[in-house]
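Here the sequence shown is numbered in our numbering, starting from 727 and rising by one per residue. A virtual CB, placed ideally from N, CA and C, is assigned to each residue, including glycine.
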Amino acid sequence: MADKVDVVVIGAGLAGLAAAYHLADAGIETIVVERGDFPGSKNVTGGRLYLNPVRPYFPADFWNDAPFERTVVKEKLSIMAEHASTTVEFFDDKFRNPPHSVTILRAKFDQWLADKVSEKGAFTIPKNQVEDLIYDGTKVIGVKTNDSELLCDCVVVADGVLSFIAERAKLREKREPHHYALGVKEIIELPEKTIQDRFGVSAGEGAAQLFFGTITHGMVGGGFLYTNRESLSLGMVVGIEALSNHEPKIEAPELIEILKARPEIAPLIEGGNSIEYSAHVIPEGGINALPKLIGDGILLAGDAAGLGLNMGITVRGMDFALASGAMAARAIKEAKTKNDFTAVSLAAYEQSLRDSFAIKDLQTFRSMLDTLDNPRMFGKYPEAITSIFGKMFWISDQPKEKLSSTALREAMKAFGNLDAVKDAWGMMKV
Ligand SMILES: Cc1cc2nc3c(=O)[nH]c(=O)nc-3n(C[C@H](O)[C@H](O)[C@H](O)COP(=O)(O)OP(=O)(O)OC[C@H]3O[C@@H](n4cnc5c(N)ncnc54)[C@H](O)[C@@H]3O)c2cc1C
């Protein structure tokens, strides 16, 4: 006889752990099955968590002992041309208290969250991979792992972006390459004080820098650099379809090397010790690739549900994962009061996602990637913008013309054509 619990959560990532925390808190018997050696061991993120979207889903004191690396107080956006760059820097006191966004390292953060889950009484079973679901007719009533079977009233599928389980449950179709991006990331160790000096921030505070332009060789995507307490997270994200079609071929590790070699970035990482390299897939299908979120006895949360957003200036998925896990738990709690775990009963989950930032933001930014997926955005325009600044700053041996004349002439040269008008029109949609 297989063991029976109320809920099985597949995956001890942020979505799964958030669901388990709230389920256990409500006295619902919950087991989390995780294929990695420990929660967080297999998980990759750029590393910036936006807190405002998730605060409403957790108790006010929940974050007090969270292993945040630094509070991001400085935002930088760098437009990269082949031999020049323009950086916009933004600081706001209100990023500070309460923190607007923080940097995290998943190995530490996921373990902290898993400890919170076990304090509430849920079990996490590591080194166990869910291989299939168990059905009674069309209703999911359990999971098969590599070494056992577990029966339950409801399964939360939070197994991440590739979610073979969501495919097996026929809640989502097999995805195409254009539904995904590839992220590669390196963690570079540096002394705490060096990071503060290089980024001009105080102890406990940090910077987030995003890069777009020619560094992606015309491919849709960009780079990121986040400050942790004693390390930097440096990475690049590009569309998988763009990467596989790119000529000449570029291997994923080269993408980071392109960033590291830039004279704007090299001094920031100089002397650093590279302690971790990872590569991971990111969902980019957005609202148009949203799967069925519920079935009889089953719900999808986090990346498994395609809940992630690349807005060009930010990559978000962790806030979506935490919030969707909490919403899934709330719907299961409600279903348990009726002892009815059918899709109809669990429909409150989908409704709460639709009423929240999660699906509303996907809806608002539904055209973002189609608009950005345009080689001019990663070549011609960054070159034009940096060239305008370059000409304004340049002093030659000839008399200098008025700055307004330089700016107008250069802007007309780059943007006074039909393509640019069409692209500007496209940008109005995002
Ligand atoms: C390079 C990169 C940069 C990113 N940058 C950011 C950022 O700065 N900010 C942000 O908010 N988001 C960012 N994201 C996205 C974010 O990391 C994800 O959206 C988030 O991790 C999703 O959480 P999740 O819990 O849904 O999935 P995951 O964190 O992937 O967790 C899934 C878990 O399920 C486990 N699992 C999988 N299959 C099985 C199975 N069959 N049985 C048992 N366990 C299983 C896995 O081991 C894992 O622990 C980035 C992603 C990448 C790759």
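Which class does residue i belong to by DSSP, given the choice of helix, strand or coil?
i: M806; result: strand
i: K1128; result: coil
i: H904; result: helix
i: D1029; result: helix
i: L740; result: helix
i: M1037; result: coil
i: K820; result: helix
i: K975; result: coil
i: K896; result: coil
i: P1108; result: helix
i: K919; result: helix
i: D1081; result: helix
i: I754; result: coil
i: T850; result: strand
i: N872; result: coil
i: K800; result: strand
i: N790; result: coil
i: Q1089; result: helix
i: T1068; result: coil
i: Q855; result: coil
i: I966; result: helix
i: P779; result: coil
For residue i, which residues of its own chain have a beta-carbon under 7 Å away from its beta-carbon, when the five flanking residues on both sides are left out?
i: R774; result: V798, S827, T829, A934, Y952
i: G998; result: I914, E915, L916, L958
i: G1034; result: I1008, P1009, R1042, G1043, F1046
i: T864; result: D1022
i: K842; result: Y747
i: Q855; result: R761, T871, N872
i: D763; result: P852, K853
i: S1050; result: A741, A1027, G1028, A1031, L1033, L1079, A1084
i: N1014; result: R1092
i: N1100; result: D1149
Is the separation between the beta-carbon of residue i and that of residue j shorter than 9 Å?
i: V882; j: A1054; result: yes
i: E980; j: Y906; result: no
i: L1048; j: L859; result: no
i: E808; j: E1076; result: no
i: T942; j: G948; result: yes
i: D791; j: W838; result: yes
i: G1028; j: G1012; result: no
i: V927; j: L1098; result: no
i: M1037; j: F937; result: no
i: L743; j: D836; result: yes
i: S874; j: A1069; result: no
i: E815; j: G932; result: no
i: I1058; j: L1025; result: yes
i: I736; j: D885; result: yes
i: L994; j: R924; result: yes
i: T813; j: E990; result: yes
Enumerate in chain order the residues of its own chain whose CB-to-CB distance from residue i is below 6 Å, with the five nearest sequence positions on each side excluded.
i: I757; result: V731, V734, F849
i: A833; result: G766
i: T1006; result: In the sequence as displayed, the identity of residue 1006 is His instead of Thr. Cβ neighbours of H1006 beyond the five flanking positions: V770, G909.
i: Y776; result: S827, D1045
i: A752; result: K1059
Quick one: what's got a C-beta closer than 8 Å to residue i's C-beta in the same chain, skipping five residues either side?
i: S1113; result: A807, A810, E1136, A1140
i: R1210; result: The structure shown does not extend to residue 1210, since the chain spans only 727 to 1156, so no value can be given for it.
Counting only beta-carbon atoms, is residue i nearer than 9 Å to chain B?
i: M962; result: Here there is only one protein chain, and chain B is not present.
**Message:** If contact is defined by three or more beta carbon pairs under 8 Å, each pair taking one atom from either stretch, is the stretch 966-974 in contact with the stretch 844-862?
**Reply:** no
**Message:** Using 8 Å as the cut-off, can you tell me whether the stretch 759-775 makes contact with the stretch 890-902, which would need three or more C-beta pairs spanning the two stretches below that distance?
**Reply:** no
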